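Working notes for the structure below.
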C-alpha cells in the first residue's frame with residue numbers, strides 16, 4: 082500500500098497555523114461544522130440516488146454517528162453519505178478552492194484570535210477541528226466506487242493520503258483530542274453542543290460510547306441526541322431566535338448572525354414552506370461570475386438540490402435558507418426543474434415576498450435597511466437591469482449617496498428636494514464614492530445648490546442606459562455636455578467672451594487637434610482649471626472606462642470635450658499668454674498638460690506618462706529658477 086505525502090496550499094497552511102495556535106472561546110463550533118458537512122453529504126447522496134438508485138444500495142437509512150472513546154481520547158464523526166475519493170480529498174481538504182483563495186487572504190488581518198471568525202465565511206469550517214485535535218484522520222469511500230482512502234494530518238503543513246479499506250460509502254472523521262481540549266470527550270458536553278447547534282438536523286444523530294456503569298465497561302451504548310424535525314415545518318411561535326440563528330449557521334455554513342429572517346407557509350393551489358435568511362455579512366462568493374443562488378430546495382422535507390437556478394433570480398443570490406414544496410415530484414431532476422410551471426410560480430411568489438419584506442423594513446427600520454443596502458445593495462440593483470417586471474419597484478427601493486449629505490437617500494427623496502423649476506435628476510458615475518466626491522464636474526452644481534446623486538457601482542452604468550427618467554424627471558449625467566446649469570439655458574455662444582479667452586480657446590484647439598472633440602468655456606467649474614465631459618451623443622466616460630477595462634470596447638476611445646474655467650487664475654494667465662505672437666508654439670506643452678491634468682482628475686492616465694513627466698519637470702524647473 083502506497084502512502085502519498087503532500088503539502089497544503091500556502092493559504093491552508095496559514096489557516097491551520099491559526100487554528101492550532103489560537104485559544105478560541107467558541108472551539109465547540111468544530112462539531113457543528115462536522116455535523117453540517119455530514120448532513121450535506123447525506124443530502125447529496127439522497128439527491129444523486131433519485132436518478133441513480135445503484136448509489137443507494139449499500140447505504141440504508143441515512144445516519145450520523147458520533148463515537149467517543151475516552152481511553153484513546155478520540156472522537157469520530159461518521160456518515161453514510163456521498164463520500165469522497167482521492168481527488169475529492171485533495172480538493173476539499175487540501176485547498177481552499179470553493180471559497181476564493183485571494184478573497185480569503187485579503188481578509189486575514191494578522192490578529193489570529195480575530196481571524197478565526199473568518200473561517201465560516203470562507204466555507205472552510207472543517208479546519209476548525211485543529212483547534213481541538215492534534216491529529217485528524219479522514220476515512221472515506223465515495224458512493225459507487227470500490228476504493229476507500231485515508232487522509233491524515235497533524236495540521237502542521239502536510240497531509241498524507243493512502244488507499245484503505247472501508248465497508249460501505251460515506252466518511253468517518255477521527256479526531257485525536259488535545260490534552261487541553263479533553264472536555265470534548267465528555268458525553269454530556271457533546272450532547273449539549275449538539276442540542277445547541279444541530280438539534281434541527283433532519284438526519285438522525287446518534288451518540289455511541291462505552292457504558293460508564295459498573296461492570297459494563299466493554300459494552301457500548303447508543304442514543305439519538307437530536308430532535309430531527311425540519312425546523313421550517315414548525316410554527317413560527319414554536320421557534321426561538323436562537324434556533325433561527327443556529328439553523329442559519331447550519332444551512333448557510335456561516336458564522337455571522339442573520340440580518341433578517343423570512344419564514345412563512347403558502348397554502349392554496351400550490352403549497353410550500355419558506356425559511357430564508359439575509360446574512361449580515363457578504364458571503365465571499367457574492368460576486369462570483371457564476372452568480373449562483375444558495376437556497377436549498379426540498380420536496381416534502383426531502384432535500385433535492387442546492388443548485389437550482391430557477392428558485393430565485395440572480396440578484397437575490399445573497400439569500401440563504403430553504404424552500405420546501407408539497408407539489409413537486411420527489412424524483413424531479415435538475416432538467417425537469419427548468420421551466421417547470423410549479424417552480425416558476427413558487428419563484429415568482431417568493432421573490433415578490435422577499436422584496437415586500439424589504440420594503441417593509443425600509444419603512445419601519447431605516448437604519449437597519451440602510452445597513453442591508455450597504456451590504457447587498459449593489460447586488461439587488463442588478464434586478465433593475467434584469468427584471469423588467471420589478472424594475473420600478475427595485476428602483477424605488479434603491480438607496481444612493483448624494484451631495485445633499487452623508488446619509489443614503491432614495492430617488493423619491495431626491496425628487497422631494499428638487500429646486501423650483503428643476504426638471505432633471507442629476508447624477509455622476511465613478512469607481513468609488515471618494516472619486517465621485519472629488520470630481521470637478523460637481524463644482525458648478527454645488528455652487529448653485531443643485532443636488533447630484535453618486536452612482537458608484539458598476540451595475541449602475543448598465544441600468545442607467547435603460548431608465549431615461551424617474552417620476553417624470555429626466556436622469557442626466559453631470560459629465561455630459563447636456564448637463565446645463567442654467568435653468569433658463571442661456572446659450573454660452575451668445576455670451577460675451579474676452580479676446581484673451583477666445584485666443585486661448587483657439588490655441589488649445591489647434592494644439593490638441595483630434596485628441597479632443599472641442600474646447601469650450603465651462604459653466605460647471607468654479608475652482609478647477611479644466612475638466613473633460615462627454616458630448617451629448619457620446620458614451621458616458623465612466624461607462625467607457627468600464628468597457629475598456631474588460632476589453633469590451635470596440636474601436637478607439639471617443640475624443641472628449643475639454644472645458645476650461647475662465648475664472649481660474651491659471652486659465653487667466655494662459656489667456657493673456659495666448660494673445661502674444663507665437664502663442665501656439667509657446668503654449669504647446671501647457672495645452673497638453675491641461676489635457677493630462679483633466680484625465681488624471683477623471684482617474685485616467687495620460688496618453689504618454691513619460692512625456693507628461695518631462696513637461697512637469699520643465700514646469701517645476703522653471704518655477705524654481
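Numbering (the working numbering), first residue to last: 82 to 706.
Just so you know, even glycine gets a beta-carbon here, dropped at the ideal spot from N, CA and C.
On a predicted model such as this, the values are computed, not experimentally measured, just so you know.
### Query
Going by DSSP, which residues form a beta bridge with residue 613?
For residue 613, which the question treats as bridged, DSSP gives the partners 643.
### Query
If residue 331 sits next to residue 159, beta carbons under 8 Å apart, how far is it from one beta carbon to the other, in whole angstroms?
Actually they are not in contact, since the Cβ atoms of residue 331 and residue 159 sit about 19 Å apart, beyond 8 Å.
### Task
Could you tell me the distance, in whole angstroms, from the CA atom of residue 585 to the CA atom of residue 457?
Answer to the nearest angstrom: the Cα atoms are 49 Å apart.
### Query
Where do the ends of the alpha helix (DSSP H) carrying residue 682 lie?
In the DSSP assignment, residue 682 falls within the alpha helix (DSSP H) that extends over 669-682.
### residue 248 to residue 259 span [Cα, whole Å]
Cα atoms of residue 248 and residue 259: separation of roughly 29 Å, rounded to the nearest angstrom.
#### Entry: Exposure label - residue 546; buried when at least 16 CB within 10 Å
Per the 10 Å Cβ criterion, exposed.
### Query
Alpha carbon to alpha carbon, how far is residue 651 from residue 659?
In a straight line, the C-alpha of residue 651 is about 12 Å away from that of residue 659.
### Message
Could you compute how far the alpha carbon of residue 234 sits from the alpha carbon of residue 454?
### Response
Straight-line Cα distance between these residues: approximately 42 Å.
### Query
Cβ of residue 351 within 8 Å of Cβ of residue 438?
No; because the gap between Cβ atoms is not below 8 Å, this pair is not in contact.
### Message
If the criterion is Cβ atoms closer than 8 Å, does the pair residue 397 and residue 374 meet it?
### Response
A distance below 8 Å separates the beta carbons of residue 397 and residue 374.
### Message
Please identify the residue among 462, 612 and 525 whose C-alpha is closest to the C-alpha of residue 538.
### Response
Comparing C-alpha distances from residue 538 to each of 462, 612 and 525 shows the shortest one belongs to 462.
### Query
Would the stretch 352-366 and the stretch 141-152 be scored as touching if the rule is three or more Cβ pairs under 8 Å?
By the criterion of at least three beta-carbon pairs nearer than 8 Å, the stretch 352-366 is not in contact with the stretch 141-152.
### Message
Just verifying my parser: in three-state terms, what is the DSSP assignment at residue 282?
### Response
Per DSSP, reduced to three states, the secondary structure at residue 282 is coil, with no helix or strand assignment.
### Query
Are the stretch 539-558 and the stretch 495-511 in contact at 8 Å, needing three or more beta carbon pairs?
Contact between the stretch 539-558 and the stretch 495-511 is present, because at least three Cβ pairs lie under 8 Å.
### Message
Can you tell me whether residue 686 is helix, strand or coil according to DSSP?
### Response
The answer is coil: DSSP assigns residue 686 none of H, G, I, E or B.
### Task
Report yes if the C-beta of residue 88 is less than 7 Å from at least one heavy atom of the ligand ADP; otherwise report no.
No copy of the ligand ADP appears in this structure; indeed no ligand is present at all.
### Task
Under 8 Å Cβ to Cβ from residue 573, same chain only, skipping five residues before and after it: list those, please.
Residue placement at residue 573 cannot be trusted, given a pLDDT of 46 that sits under 50; the coordinates are not used to answer.
### Query
First and last residue of the alpha helix (DSSP H) that includes residue 217?
Careful: residue 217 lies outside any alpha helix (DSSP H), inside the beta strand (DSSP E) at 214-222.
### Meets three-Cβ-pair contact criterion under 8 Å: the stretch 159-171 and the stretch 318-325
At 8 Å Cβ cutoff, the stretches do not touch.
### Query
Could you give the distance in angstroms between the alpha-carbon of residue 194 and the alpha-carbon of residue 476?
Confidence is the limiting factor: at residue 194 the pLDDT is only 44, short of 50, which leaves the residue's position unreliable and the question unanswerable from this model.
### Task
Note down, in chain order, each residue of its chain lying with its Cβ closer than 8 Å to the Cβ of residue 302, except the 5 sequence neighbours on either side.
The beta carbon of residue 302 is closer than 8 Å to those of 289, 290, 291 and 292 in its chain, skipping five residues each way along the sequence.
#### Entry: Classification of residue 469 by the beta-carbon crowding that lies within 10 angstroms, buried from 16 upward
Looking at its Cβ environment, which holds fewer than 16 other Cβ atoms inside 10 Å, residue 469 is exposed.
### Query
Beta carbon of residue 676, beta carbon of residue 596: below 8 Å?
Taking 8 Å as the cut-off, the Cβ atoms of residue 676 and residue 596 count as close.
### Message
Going by beta-carbon coordinates alone, are residue 436 and residue 474 separated by less than 8 Å?
### Response
Yes, Cβ-Cβ distance for residue 436 and residue 474 is below 8 Å.
### Query
When the Cα atoms are used, what is the spatial distance from residue 201 to residue 221?
The pLDDT assigned to residue 201 is 43, lower than 50, so where the model puts this residue is not dependable, and the model offers no usable value.
### Task
Look up residue 30 in the DSSP assignment and say whether it is helix, strand or coil.
The shown model of the chain, from 82 to 706, leaves out residue 30, and the question about it has no answer.
### Residues near residue 428 by beta carbon distance below 8 Å, same chain, minus five either side
Spatial neighbours of residue 428 in its own chain (CB-CB distance under 8 Å, excluding positions within 5 residues in sequence) are listed in chain order as 391, 392, 393 and 394.
#### Entry: Coarse secondary structure for residue 257, derived from DSSP in three states
Correct three-state label for residue 257: strand.
### Cross-strand partners of residue 148 (DSSP beta bridge)
Paired residue(s): 157 and 289.
### Query
Smallest Cα separation from residue 308: which of 276, 335, 339 and 314?
Closest option to residue 308, Cα to Cα, is 276.
### Nearest to residue 626 (by Cα), restricted to the options 243, 444, 108 and 638
Minimum Cα distance to residue 626 is reached at 638.
### Task
Assign residue 431 to one of three DSSP states: helix, strand, or coil.
Note: residue 431 maps to helix in three-state DSSP.
### Message
Along the chain, where does the alpha helix (DSSP H) containing residue 173 start, and where does it finish?
### Response
Counted as a single uninterrupted DSSP element, the alpha helix (DSSP H) harbouring residue 173 occupies residues 167-175.
### Query
What residue does the beta strand (DSSP E) around residue 386 start on, and which one ends it?
Going by DSSP, residue 386 is part of the beta strand (DSSP E) stretching over 383-386.
### Task
Mind reading off the beta-carbon distance from residue 592 to residue 669? Whole number of angstroms is fine, and I expect it under 8 Å.
Rounded to the nearest angstrom, the Cβ distance from residue 592 to residue 669 is 5 Å, consistent with a contact under 8 Å.
### Query
Which of the three DSSP states, helix, strand or coil, is assigned to residue 490?
Strand at residue 490.
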